[in-house]
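K.L.:
Below you will find the structure I want to go over with you.
In our numbering, the protein residues as written are 879 to 983.
Set out below in structure tokens:
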């Protein structure tokens, strides 16, 4: 539907979690493939790992972090969805928790 609305480049952007340090097959591409959202032939979207396209970024208000996902930074339109989780912190942060992975680890 986004393509029909004029969006020409659709990217599903995700970043790894701390679990990828302790368990095998937790990369963004492997998890996407496991749950069935890996683009197939003639796909209308692509999947990118936010941690793999980091670029230098000067934050105007002097935040300490100096890198951000280029895909996120260059996007004209962004959608973020809250994840189902049982962590009480996630219940408070909601979709803002998703944005933590946009910068470098």
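For glycine and all other residues, C-beta sits at the position ideal for the given N, C-alpha and C.
1. How would you write the range of the alpha helix (DSSP H) that residue 913 sits in, first residue to last?
2. Give a yes or no on whether the minimum CB-CB distance between residue 948 and chain D is below 8 Å.
3. Just how far apart, CA to CA, sit residue 928 and residue 882?
4. Measuring alpha carbon to alpha carbon, tell me which residue in 924, 923, 926, 948 is nearest residue 933.
5. What are the start and end residues of the alpha helix (DSSP H) that includes residue 927?
6. By Cβ distance below 8 Å, which residues in the same chain neighbour residue 910 in space, the five residues on each side in sequence not counted?
7. Along the chain, where does the beta strand (DSSP E) containing residue 947 start, and where does it finish?
8. I need the DSSP call for residue 899, collapsed to helix, strand or coil.
9. Per DSSP, what are the beta-bridge partners of residue 891 in this structure?
10. Leaving aside the five residues before and after residue 930 along the sequence, list all residues of the same chain whose C-beta is less than 7 Å from its C-beta, in chain order.
11. Enumerate in chain order the residues of its own chain whose CB-to-CB distance from residue 904 is below 8 Å, with the five nearest sequence positions on each side excluded.
P.N.:
On the basis of the supplied data:
1. Note, residue 913: alpha helix (DSSP H), 906 to 913.
2. Absent from the structure: chain D. Only one protein chain is present.
3. The alpha-carbon atoms of residue 928 and residue 882 are separated by roughly 26 Å.
4. The closest CA to that of residue 933, considering only 924, 923, 926, 948, is found on 948.
5. Here residue 927 belongs to no alpha helix (DSSP H); instead the beta strand (DSSP E) covers 924 to 927.
6. Here the set comprises 890, 892, 916, 925.
7. Run containing residue 947: 945 to 947, per the beta strand (DSSP E) assignment.
8. Reduced to three states, the DSSP call for residue 899 is helix.
9. According to DSSP, residue 891 bridges with 926.
10. Closer than 7 Å at Cβ, skipping near neighbours: no residue.
11. Excluding five sequence positions before and after residue 904, the CB atoms of its chain that fall closer than 8 Å to its own CB belong to 894, 895, 897, 898, given in chain order.
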